[in-house]
Amino acid sequence: MYDQWIGFNIVNNSGSFLKISNAYLRDGKFYPWDDKDNEISFDSVTNSRILPGVQDLSFGSCGRAYVPVGTAGEISFEADGKVVAKVEWDCPALAGSQNTVKSS
1 MYDQWIGFNI VNNSGSFLKI SNAYLRDGKF YPWDDKDNEI SFDSVTNSRI
51 LPGVQDLSFG SCGRAYVPVG TAGEISFEAD GKVVAKVEWD CPALAGSQNT
101 VKSS
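Residue 1 is where the sequence shown starts when you use full-length UniProt numbering, and the numbers rise one by one after that.
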């Protein structure tokens, strides 16, 4: 039912709060980890904050049930008002296609 998905487990080992400053999906939806049937909003992902050294955050993105579309998007992470990391992914549903994940 959800053939294409990506999972995130973000652990903050820095000394600063981490904030997701941009969550964008070209295709698919966000969901709480291990519950692809429960969609979560862009706002709840974008407004997530991760405490330094004591908290992690787990969630995923997948295509929609019974729709031949995978998931594609990006997330930026901010610390002290500056973007410190960005993750982009494309997990298409087309047979023979390749998944890509990039971080910077």
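Glycine included, C-beta positions come from ideal geometry on N, C-alpha and C.
For V69 and Q4, what's the separation of their Cα atoms in angstroms? Along the sequence shown, read from residue 1 onward, the residue named residue 69 stands at position 69. Along the sequence shown, read from residue 1 onward, the residue named residue 4 stands at position 4. Approximately 8 Å between the Cα atoms of the pair.
With 16 other Cβ atoms within 10 Å as the buried cut-off, status of A90: The residue you call residue 90 lines up with position 90 of the sequence shown. Contrary to the premise, residue 90 reads as Asp rather than Ala in this sequence. Buried.
Which residues in the same chain have their Cβ closer than 8 Å to the Cβ of Y31, if we skip the five residues on either side of it in sequence? Counting from 1 along the sequence shown, the entry for residue 31 is found at position 31. Once the five neighbours on either side are set aside, the close Cβ partners of Y31 are D37, N38, E39, I40, F59, G60, S61, C62.
Own chain, CB closer than 6 Å to S76, minus 5 neighbours either side, in chain order: Here the question's residue 76 lines up with position 76 in the sequence shown. These residues qualify, in order along the chain: S21, N22, V83, K86.
Could you tell me if D27 is buried or exposed, where buried requires 16 or more neighbouring beta carbons within 10 angstroms of its beta carbon? Numbered from its first residue, the sequence shown carries residue 27 at position 27. Buried.
Which one of S97, S104, A79, S16 has the shortest CA to CA distance from V54? Reading the sequence shown from its first residue, position 54 is the one you call residue 54. Selected option, being the one with the closest Cα: S16.
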